[in-house]
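Undergrad:
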Amino acid sequence: MDPNAKKTTLRMIPYGLYVLTAAHADGRVAAGTVNWVTQASFEPPLVAVGVKTDSHAHALIKDSKAFALNVLGKGQQALAFTFFKPAERKGDTISGEPFRPGTTGAPILTSTPAFIECTLEATVEKGDHSIFVGKVVEVGLTKTPDGRADDATLWLKDLGDKVFYGG
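Heads up, the sequence shown is in our numbering, so the first residue is 47 and it goes up one at a time.
1) Please work out which residues of its chain come closer than 7 angstroms, Cβ to Cβ, to residue 86, disregarding the five sequence neighbours upstream and downstream, and give them in chain order.
2) State whether the stretch 50-60 contacts the stretch 183-194, with contact taken as three or more CB pairs (one from each stretch) at a distance under 8 angstroms.
3) Determine the direct distance from the alpha carbon of residue 70 to that of residue 171, and round the result to whole angstroms.
4) Is there at least one Cβ from chain B nearer than 8 angstroms to residue 83's Cβ?
5) Taking the alpha carbon of residue 190 as the point to measure from, which residue in 158, 181, 201, 184 has its own alpha carbon closest?
6) Is DSSP giving residue 50 helix, strand or coil here?
7) For residue 150, which of 102, 97, 115 has the nearest alpha-carbon?
8) Taking the continuous alpha helix (DSSP H) assigned at residue 124, which residues delimit it?
9) Assuming the contact rule is C-beta atoms closer than 8 angstroms, residue 199 and residue 117 should be a hit. Round their C-beta distance to whole Å, please.
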């Protein structure tokens, strides 16, 4: 397989951007920008997310059995870049962003247009990322989008011509 063709071809899969969050009962939190997310089932409502195995979030999700996906909206490029770096909790903020605990304890960022809160249902550990399948237990909208809901989501391509993930 040609490595450059593989990289380019896999990068042709479009991705929305989310801030994945998780929390431990002892107060530790993790947050990171992710884009390997998909809905996996209508009933029960399930989502799947790819999480790097050496990330702080990976360990917290395995321990807490819960996570949240905070949907980034158009114009939130700076927020996406904030969570490319390791997250730091100070009081009720993570990396300077206010949050509240969700029903599972996972942090819900108050500045994002929507969130999806999940309990961990299954894990597939292969390669450098694990697939976490979460059962959707709570959702929220801060504002109903105008037009198509997916048009309100920040996309990886919105971060610029030089920002890629995958391949």
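The beta carbon of each residue, even a glycine, is placed where N, CA and C say it ideally should be.
TA: Quick answer:
1) As a first step, residue 86 must be located in the sequence shown, where it is residue number 40. Here the set comprises 92, 93, 94, 179.
2) Contact annotation: the stretch 50-60 does not touch the stretch 183-194, with fewer than three C-beta pairs closer than 8 angstroms.
3) Within the sequence shown, the letter at position 125 stands for residue 171. Within the sequence shown, the letter at position 24 stands for residue 70. Rounded to the nearest angstrom, the two C-alpha atoms are 21 angstroms apart.
4) Judged by its chain identifiers, the structure shown contains no chain B, having just a single protein chain.
5) In the sequence shown, counting from the first residue as 1, residue 190 sits at position 144. The candidate whose alpha carbon is nearest that of residue 190 is 158.
6) Numbered from 1 along the sequence shown, position 4 holds the residue referred to as residue 50. Three-state result, residue 50: helix.
7) As a working mapping, residue 150 is identified with position 104 in the sequence shown. When the alpha-carbon of residue 150 is set against those of 102, 97, 115, the nearest one is in 115.
8) Taking the first residue of the sequence shown as position 1, residue 124 is located at position 78. For residue 124, the enclosing alpha helix (DSSP H) covers residues 123-128.
9) Within the sequence shown, the letter at position 153 stands for residue 199. Within the sequence shown, the letter at position 71 stands for residue 117. Contact holds; Cβ gap of about 6 angstroms.
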